[in-house]
Amino acid sequence: MADIMKMIQQAQAVQGRLQAMQEELEKRQVTASSGGGMVTATADGKGTIRTLKIDPSVVDAKDIEMLEDLVVAAITEVQKKVAAVQQEEMQKATGGMNLPFKLPF
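326 is the number that the numbering used here gives to position 30 of the sequence shown; each next residue is one higher, with no gaps.
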């Protein structure tokens, strides 16, 4: 019975840390760019794109495909960085425990 109580207390502690982590992730900003900084995407720690900046010199009506590629590359890179930040924060929150489920962010 003492083991069950200890497990419940540990689970509650992890739950509290996870909630704090989610709040912290909302405040974090992660930035990535492509084309040597011509396109820059910024996301919060949950992965929501907050800003997308495009250098006017890269806007060419004759080459929209290049601009589209730069936007996709910047967003893809910022998403990778966000995933790394989330993984790092998850390790901190769970003390390295592997959870048997994926969190919704």
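Glycine included, C-beta positions come from ideal geometry on N, C-alpha and C.
- Of all alpha-carbon atoms in V367, V310, Q308, the one lying nearest the alpha-carbon of D351 is that of V367.
- Distance from the CA atom of A370 to the CA atom of M301, rounded to whole angstroms, is 47 Å.
- When Cβ pairs closer than 8 Å are counted between the two stretches, the region 383–392 is seen not to touch the region 342–359, the count staying below three.
- Residue burial annotation: A380 is exposed, with fewer than 16 other C-beta atoms found within 10 angstroms of its C-beta.
- Inclusion of G341 and V378 in the CB contact set at 8 Å is warranted, their separation being smaller than that value.
- Between the C-alpha atoms of E385 and G331 there is a straight-line separation of about 29 Å.
- When DSSP states are grouped into helix, strand and coil, R324 belongs to the coil group.
- Between V335 and V354, the CB-CB gap stays under 8 Å.
- Note on M317: 16 or more other CB atoms within 10 angstroms of its CB, so buried under the neighbour-count rule.
- The alpha-carbon separation between S329 and Q311 amounts to approximately 34 Å.
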